[in-house]
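Working notes, structure below.
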Amino acid sequence: MSNPVADVFVPFRFKVNLYDSEENTLLCSGKFSEVSGFELTMEPKTFQEGGRNWGEIHRTGQTKFAPMTLKRGVTSINDLWSWFDATTRGANYGYRLSGEIIVLGHQTQNGEDNPVMTWKLTGVMATKFKGPDLNSTASQVAIEEVQLVHEGLELERTKQADDQSSTANSNTQGALP
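All residue numbers for the sequence shown refer to the numbering used here, where the first residue is 12 and numbers rise by one.
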């Protein structure tokens, strides 16, 4: 039996949903072939303690999140463009949404998408929108690139992915829990 986490994902296997800040209303949903920017950096604070001459004390500092970049997507471009346009024109300066990026595994026998994990984003704001080059002889996707900044990132794994991961780990010596 194949493991959807280990297998290569086919194009458009990353679903992105953007909601109003209370996560009540879905404002935009689409699928993208590439998502990058899952990066957090914590800058530790160092202190010198009196009477301690050997080394420094490290404490947690501010966490910074890298911008998320969504590439080659198909979505309801009107909603995404409307949000970006309203934010950049100043009418809703800094209008932030919440969102989720769902990593999809293989489709079920019914043809439904099988989510493997979900990344939850808070305080999302679009900073770049790049449409395709218009060429009548080329077949382009609806969106070439969208860049999002955010204020928080959280990972949720699906139960099915956790079950498959724990089964694989139980067969491997020295695996982390």
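C-beta: ideal position from N, C-alpha, C; glycine also.
What did DSSP end up calling residue i once you bin it into helix, strand or coil?
i, result
"Phe76", "strand"
"Arg100", "helix"
"Ser93", "helix"
"Tyr106", "coil"
"His69", "strand"
"Phe43", "strand"
"Phe49", "coil"
"Thr169", "coil"
"Arg24", "coil"
"Arg83", "strand"
"Thr119", "coil"
"Val158", "A small correction: the amino acid at residue 158 is Gln; Val does not occupy that position in the sequence shown. Correct three-state label for Gln158: strand."
"Gly163", "strand"
"Glu60", "coil"
"Ser181", "Interpretation of Ser181 is limited by its pLDDT of 42, a score under 50 that renders its predicted location unreliable; the figure taken from the coordinates is listed afterwards. Of the three classes helix, strand and coil, the one that applies to Ser181 here is helix, per DSSP."
What do you reckon, are the CB atoms on residue i and residue j nearer than 7 Å?
i, j, result
"Phe43", "Gly84", "yes"
"Val160", "Thr138", "yes"
"Thr99", "Ser47", "no"
"Glu156", "Pro143", "no"
Who pairs with residue i in a beta bridge, going by DSSP?
i, result
"Leu37", "Tyr30"
"Glu111", "Asn28 and Lys131"
Check the C-beta distance from residue i over to residue j and give it rounded, since I have them as a contact under 8 Å.
i, j, result
"Val135", "Arg107", "6 Å"
"Gly72", "Glu45", "No, Gly72 and Glu45 are not in contact; Cβ-Cβ is about 31 Å, not under 8 Å."
"Thr74", "Ala153", "That belief does not hold up - the Cβ atoms of Thr74 and Ala153 are roughly 33 Å apart, past 8 Å."
"Leu115", "Arg24", "4 Å"
Legend entry - Whole beta strand (DSSP E) elements within the region 124-153, 3-residue minimum: Within the region 124-153, the complete beta strand (DSSP E) runs of at least 3 residues are 126-141.
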